[in-house]
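Using this note's numbering, the letters of the sequence shown map in sequence onto residues 81 to 322.
In this text, a Cβ means the ideal position worked out from N, Cα and C, and glycines have one as well.
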Amino acid sequence: MKKGVEESKKWVKGEGNTILGTLLMFSPLTIGVANFYATEGMKTNIPLDLDVVTKITENFLKQSSNVDCENLTDLLVKYVSKNLLPSDKEEDDFTSFLNIYQYENNNLYEYTKFYEERDLIFFELANRYKITINQGYPFFKKIYEQTEDFIQSTSQTFLYLLSLKTDTHIAKRFGNEVAKEVKARAKEIMKKDGLFTEEGKKLISQLDTYLRNSKDRIINPGSIADLTATSLFVAILDGYRP
Numbered sequence: 081m082k083k084g085v086e087e088s089k090k091w092v093k094g095e096g097n098t099i100l101g102t103l104l105m106f107s108p109l110t111i112g113v114a115n116f117y118a119t120e121g122m123k124t125n126i127p128l129d130l131d132v133v134t135k136i137t138e139n140f141l142k143q144s145s146n147v148d149c150e151n152l153t154d155l156l157v158k159y160v161s162k163n164l165l166p167s168d169k170e171e172d173d174f175t176s177f178l179n180i181y182q183y184e185n186n187n188l189y190e191y192t193k194f195y196e197e198r199d200l201i202f203f204e205l206a207n208r209y210k211i212t213i214n215q216g217y218p219f220f221k222k223i224y225e226q227t228e229d230f231i232q233s234t235s236q237t238f239l240y241l242l243s244l245k246t247d248t249h250i251a252k253r254f255g256n257e258v259a260k261e262v263k264a265r266a267k268e269i270m271k272k273d274g275l276f277t278e279e280g281k282k283l284i285s286q287l288d289t290y291l292r293n294s295k296d297r298i299i300n301p302g303s304i305a306d307l308t309a310t311s312l313f314v315a316i317l318d319g320y321r322p
């Protein structure tokens with residue numbers, strides 16, 4: 081993940097990062113898929129079993145160590161805002177897990193469980209990619225089978241997930257009310273069938289204007305973008321092609 085972020089800095093100027101959330105989602109899943117094909121698929125030529133893959137992924141997280149937690153914390157502190165959602169919990173940033181449990185043996189699974197209620201990426205990692213597997217990927221498949229258009233299916237999946245979940249990336253930077261407003265607008269778009277109706281397209285244009293112009297910087301639904309990317313990643317692994 082560190083190498084991935086460093087490589088991305090060669091392509092995108094400015095501070096911060098544009099890819100760490102995606103790398104956080106892809107890396108354990110890649111290990112799960114590779115392990116699945118090494119032990120199952122190549123022997124029997126069976127299709128990808130996402131239930132088995134996510135179990136392997138969870139086991140990988142549970143078998144990690146304190147060093148992995150320290151490395152991930154370093155990445156998060158360097159490339160991600162320390163801000164977390166308002167909470168009555170003891171933790172207040174991405175260093176809190178290690179500070180609270182500094183004298184215990186820990187792993188990345190416990191790390192993700194610690195933050196799961198306050199960040200969609202950590203929720204996915206702590207719950208076997210529940211949103212991706214049960215909502216994002218099935219919805220993408222449904223739209224693709226109707227349209228045979230990868231780009232439209234991707235955009236519609238993004239809008240669908242945005243209508244289902246409050247984007248924690250937005251909430252961290254602009255507050256819960258802004259995040260709820262974006263979700264509500266996405267729900268209205270999906271009620272009008274999104275990209276596939278003129279009224280839906282009009283609402284999409286209005287949402288785009290709101291995201292670009294309503295604050296002193298662009299409101300970026302980054303957590304939903306990462307969920308969408310992971311849904312596409314699973315689709316490609318399962319045989320779909322742009």
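Residue i (DSSP reduced to helix, strand or coil)
i           : result
residue 191 : helix
residue 175 : coil
residue 233 : helix
residue 218 : helix
residue 270 : helix
residue 210 : helix
residue 297 : coil
residue 102 : helix
residue 82  : helix
residue 286 : helix
residue 112 : helix
residue 316 : helix
residue 198 : coil
residue 248 : helix
residue 159 : helix
residue 92  : coil
residue 126 : coil
Cβ separation of residue i and residue j, assumed to be a contact under 8 Å, to the nearest whole Å
i           : j           : result
residue 191 : residue 149 : 5 Å
residue 299 : residue 258 : 7 Å
residue 217 : residue 311 : 5 Å
residue 317 : residue 113 : 6 Å
residue 175 : residue 157 : 6 Å
residue 262 : residue 242 : 7 Å
Beta-carbon contacts of residue i that lie in its chain and below 6 Å, excluding the five residues immediately before and after
i           : result
residue 100 : 85 and 159
residue 196 : 202, 203 and 206
residue 107 : 81
residue 193 : 206
residue 111 : 140
Contact set for residue i: own chain, Cβ-Cβ below 8 Å, skip 5 residues either direction
i           : result
residue 89  : 97
residue 214 : none
residue 233 : 220, 223, 224 and 227
residue 315 : 217, 220, 221 and 224
Nonlocal neighbours in the same chain, by C-beta distance under 7 Å from residue i, ignoring five residues either side
i           : result
residue 244 : 215
residue 178 : 149, 150 and 153
residue 92  : 98
residue 126 : 120
Beta-carbon proximity check, residue i vs residue j, cutoff 8 Å
i           : j           : result
residue 103 : residue 313 : no
residue 307 : residue 248 : no
residue 265 : residue 240 : no
residue 237 : residue 260 : no
residue 141 : residue 187 : yes
residue 280 : residue 267 : no
residue 250 : residue 301 : yes
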